[in-house]
Structures are given as structure tokens and as C-alpha cells.
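Here the numbering used here = 1-based position in the sequence shown + 32. Heads up: the structure comes next, in C-alpha cells.
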Amino acid sequence: MLKQLLLFFVLFISITGFSQITIKDSKTQSPISYATISFGNGQGIFADDEGVFVFTKKLYHDVDSLHISALGFKEYVTDTSVLPKTIFLEEEISTLDEVVIHANLENRKFKEETLKPYLDDNYYHCWLPTIESEIAVYFSNPDSQLKKITTIHFPITLESKDWDKRNRKNAEKKPFSTLFKVKFYKNNNGTPGDVLTYENIIFRVTEKHGDLYDLDISDLDIFFPKTGFFVSIQVLGYTDKNGKLLPNKKYKEIKTREGVVKIPTNFRPLLPFTNEIKGNNTYIKRVFLNNNSWTRFQRGSMDSSLLKSGLTNYGVGISYNAYKDE
């Protein structure tokens, strides 16, 4: 019986082209968590926390090469016909600015400041995340005072199990368990530029967190740059009850100038947009489309029902410590 099962598994792998691949650091041999695997034609997936991803020719029969990337590493391209079991990425020379040491910071007096998030429970005012989109929000620096960013406040919108009860605050919410990735970018002449940190910042949110997720980043020692900064959020996919990233299986086909591409279906929770913020501080990047370039979210930039309704910004909030002069 065991031999028959092994034979079946071998036949299954040969027929479907199923491959489980681990991505590792070539220097330390340690797994690289949540690396991006893009297919160059509008498709993409992510490795899990152990650097593992699954590729199958049955789902991606027309894909002949994979582009692997991760913060702090050089991009790696491989042919799908000769996929290795382990892919090693080489470290990229850091482009981060020299670290500035703030002496006796713990003993300095500061005032905690908060730029409030904008919450909204209207489903029609929300962005439906997909893994091919990354949303970045810009925060300008109001003055020259030293500021350490401590918390990012991500507003979310929950959906009621019963549509007829959607306007009731106490209505039971649809369950989900979703993993997000967060990045911080320098301001490059008004658009997201180089990253401020190579730290892998991941958080999981469920319906039990309510309509706001507070991400504590005080241990990362990220200080407010003179020209401001961008914080971005990108959905990685659903997880199991233990927070393990699950493979993305469902896709929808959309027509583009480059042809038909497969895009993962929308993930929950929804991200509420607002018209209460002056200017256009939100940028969108299609990670696997449009040459991976940032676009300001404003009228004329893309076809969106949110823009037609005047909802131009994702209302992220932040808290920071503003230190007094010594």
C-alpha cells in the first residue's frame, strides 16, 4: 500500500509539475521570509515565513521564468523547467543612510503626538486588496524637531455576516485571517523612493481586531526624515488559524494592453478611503504590472469608483515621540 502511495505521489508530481521551493540567504543559509515571486506577466505569489513557496505547471502552464526578490537582496531569475529545490539570494549592498546615533534618547523629554486615522464602515468607500497592489501613504515633516515614529494606525472595514444587518454595530462579522507586509520609504521628489529599513515587517489581522490595527514599531528606531516619508501596506494572503500563510489558488482574468493576465481575487479586510484629507497623499503600485511603478491616486490616474466618489486617500494614522531640545 505504501509503495502504491509513493508511486502515485511521484506520478502526481511529474504530471502537474509540482515543486516546493525554499528561498535562502546565500551567506547565512537561513530562509528568507515572505520573498516576492513574480512571473513577469502579471502574476505573482509570496514565500511563507520559512521561505517556502509552491509552484505548479498545472496552474501556471504558460510561465517559463520566475523573478525572485526580497528587501536587501539582488533579484534572482530562474527557468521554470529547471527549478532547484533551494534558491539562494545574494545580499545587496545597503543603500540606507548612515545610522545616526541619538545619545541618551531614553532620558530626553518628549511629547507623544498622533495624526489620527480615518475610519469608515461603508463598504462602498473601501479598497479591496489584492496581492498585486501596494498602497503607500505620505506623511510630511511639520518641523525640524527630532521625532521617532512609534505606531502606525491602519484602519480596516469589517463585513457583516448578514448583509441585511450590515449597518448594525453589533452585527456578527465575517471571519478572516490575513497577513500584511509593511514598508517604509524615503521621499524621492514626491514619490516613494529607497526603503528606510530592510526589516521584514509583517502583521496578521482578523475580524477580532475591530476596525483599527495598531502596529507598534517603536523597536525599529525609525525617525522622521526631513522631507517626510511613506508607509505602505500590501496583502500577502490568507493564513490558517496559526498565522501560517496559505497558498493563493483563485485567480481572475483581466484584459490589459499587454494581453490577458491572471490577478488573485480580493482579500479581506477592506481598506477604507476618505475625502477628509487635503491633497493626494496616497500612491498605488501594481507590484506585478505597469513596470512596478508608483502612481499617485488621483482623478485621471486610473479607473476607480473611489476616485469617482472623491475618495482619494487611505486614512492611515501615525503616532510619534517629538523630543524636546537638549
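Heads up, the beta-carbon is just placed ideally off N, CA and C, and yes, glycines get one too.
### Message
Along the chain, where does the beta strand (DSSP E) containing S70 start, and where does it finish?
### Response
Within the sequence shown, residue 70 is the residue found at index 38, counting from 1. S70 -> beta strand (DSSP E) spans 68-70.
### Task
With a threshold of 16 other CB atoms inside 10 Å of the CB of T259, please say whether the residue is buried or exposed.
Taking the sequence shown and counting its residues from 1, one reaches residue 259 at position 227. T259 comes out exposed.
### Query
Using DSSP with H/G/I as helix, E/B as strand and the rest coil, what is I231?
For the purposes of this step, residue 231 is taken as the residue at position 199 of the sequence shown. Before going on, a small fix: residue 231 reads as Glu here, not Ile. Residue state, collapsed to three classes: coil.
### Query
Rounded to the nearest angstrom, how far is the Cβ of Y66 from that of L268, given a contact under 8 Å?
Position 34 of the sequence shown, counted from the first residue, corresponds to residue 66. Position 236 of the sequence shown, counted from the first residue, corresponds to residue 268. Contact between Y66 and L268 holds, since their C-beta atoms are separated by about 6 Å, short of 8 Å.
### Query
At what residues does the alpha helix (DSSP H) containing K340 begin and finish?
Here residue 340 refers to the residue found at position 308 of the sequence shown. Where K340 is concerned, the enclosing alpha helix (DSSP H) stretches over 337-340.
### Query
When we look at the beta-carbon of G76 and count the other beta-carbons within 10 Å, is it buried (16 or more) or exposed?
As a first step, residue 76 is located in the sequence shown; it is residue number 44 there, counting from the start. Here G76 is buried: its Cβ has 16 or more other Cβ atoms, across all protein chains shown, within 10 Å.
### Helix, strand or coil at L103 [DSSP, three-state]
Taking the sequence shown and counting its residues from 1, the one referred to as residue 103 is at position 71. Here DSSP, grouped into helix, strand and coil, assigns L103 to coil.
### Query
DSSP state of S250, grouped into three classes?
Position 218 of the sequence shown, counted from the first residue, corresponds to residue 250. The answer is helix: DSSP assigns S250 an H, G or I state.
### Task
Could you check the C-alpha separation between N312 and D80 for me, to the nearest Å?
As a working note, residue 312 is residue 280 in the sequence shown. As a working note, residue 80 is residue 48 in the sequence shown. If you take the alpha carbons of N312 and D80, they lie about 33 Å apart.
### Task
Determine the contact status of L147 and I350, defining contact as a CB-CB distance below 8 Å.
Residue numbering aside, residue 147 sits at position 115 when the sequence shown is read from its first letter. Residue numbering aside, residue 350 sits at position 318 when the sequence shown is read from its first letter. Result yes, Cβ atoms of L147 and I350 sit closer than 8 Å.
### Task
Flag this pair as yes or no: are the beta carbons of Y217 and S176 separated by less than 8 Å?
As a first step, residue 217 must be located in the sequence shown, where it is residue number 185. As a first step, residue 176 must be located in the sequence shown, where it is residue number 144. No, Cβ-Cβ distance for Y217 and S176 is not below 8 Å.
### Message
Helix, strand or coil for H157? Go by DSSP, reduced to three states.
### Response
By one-based count along the sequence shown, residue 157 stands at place 125. The answer is helix: DSSP assigns H157 an H, G or I state.
### Task
With DSSP as the reference, label S58 as helix, strand or coil.
The sequence position of residue 58 within the sequence shown is 26, counting from 1. Three-state result, S58: coil.
### Backbone CA spacing between S223 and I167 [nearest angstrom]
Translated into positions along the sequence shown, residue 223 becomes position 191. Translated into positions along the sequence shown, residue 167 becomes position 135. Here the sequence assigns Thr to residue 223, which means Ser is not the residue at that position. Rounded to whole angstroms, T223 to I167 spans 12 Å at the Cα level.
### Query
From V86 to N173, what does the alpha carbon distance come to, in whole angstroms?
Numbered from its first residue, the sequence shown carries residue 86 at position 54. Numbered from its first residue, the sequence shown carries residue 173 at position 141. Between V86 and N173, the C-alpha separation is close to 42 Å.
### Task
Pull up the distance between the alpha-carbon of Q52 and that of D357, whole angstroms please.
Position 20 of the sequence shown, counted from the first residue, corresponds to residue 52. Position 325 of the sequence shown, counted from the first residue, corresponds to residue 357. So the alpha carbons of these two residues sit roughly 54 Å apart.
### Query
Can you tell which of E124, S101, V95 has the C-alpha that lies nearest to the C-alpha of D111?
Here residue 111 is taken as the residue at index 79 of the sequence shown, counted from 1. Closest by alpha carbon: V95.
### Query
Skipping 5 residues on each side, what residues in its chain have a beta carbon closer than 8 Å to that of E82?
The residue labelled residue 82 in the question sits at position 50 within the sequence shown. Taken in chain order, the residues that qualify are T54, P63, S65.
### Burial state of D194, where buried means 16 or more other Cβ atoms lie within 10 Å
In the sequence shown, the residue the question calls residue 194 occupies position 162. Burial call: exposed.
### Query
From Y245 to Q266, what does the alpha carbon distance come to, in whole angstroms?
Within the sequence shown, residue 245 is the residue found at index 213, counting from 1. Within the sequence shown, residue 266 is the residue found at index 234, counting from 1. Computed Cα separation, rounded: 14 Å.
#### Entry: CB of T327 within 8 Å of CB of D152, strictly
One-based indexing of the sequence shown puts residue 327 at position 295. One-based indexing of the sequence shown puts residue 152 at position 120. Against a cut-off of 8 Å, the Cβ pair of D152 and T327 comes out as no contact.
### Message
For T189 and C158, which I take to be in contact (beta-carbon distance under 8 Å), what is that distance rounded to the nearest angstrom?
### Response
Your numbering for residue 189 matches position 157 in the sequence shown. Your numbering for residue 158 matches position 126 in the sequence shown. Right, the Cβ-Cβ distance comes to about 5 Å (below 8 Å), so this counts as a contact.
### Query
Near K273, which residues of its chain fall below 8 Å by C-beta distance, leaving aside the five closest residues on each side in sequence?
Residue mapping note: residue 273 aligns to position 241 of the sequence shown, counting from 1. Only S209 meet the Cβ criterion.
### Task
Report the residue from N345, I316, N324, Y346 whose alpha carbon sits nearest the alpha carbon of M334.
Translated into positions along the sequence shown, residue 334 becomes position 302. The residue with the shortest Cα to Cα distance from M334 is I316.
### Task
Report the three-state DSSP secondary structure of H241 (helix, strand or coil).
Residue 241 sits at position 209 when you count from the first residue of the sequence shown. Of the three classes helix, strand and coil, the one that applies to H241 here is helix, per DSSP.
### Message
With distance defined between alpha-carbon atoms, name the residue in N345, S337, F299 nearest to T238.
### Response
Residue 238 sits at position 206 when you count from the first residue of the sequence shown. Minimum Cα distance to T238 is reached at F299.
### Query
Of the choices E191, K215, N220, whose alpha-carbon is the least far from that of P207?
In the sequence shown, counting from the first residue as 1, residue 207 sits at position 175. Nearest of E191, K215, N220 to P207, Cα basis: E191.
### Message
Using only the alpha-carbon positions, how far apart do S58 and F105 sit?
### Response
As a working mapping, residue 58 is identified with position 26 in the sequence shown. As a working mapping, residue 105 is identified with position 73 in the sequence shown. About 10 Å.
### Query
Which residues in the same chain have their Cβ closer than 8 Å to the Cβ of R236, if we skip the five residues on either side of it in sequence?
Taking the first residue of the sequence shown as position 1, residue 236 is located at position 204. Closer than 8 Å at Cβ, skipping near neighbours: S209, T210, L211, F212, T271, G275.
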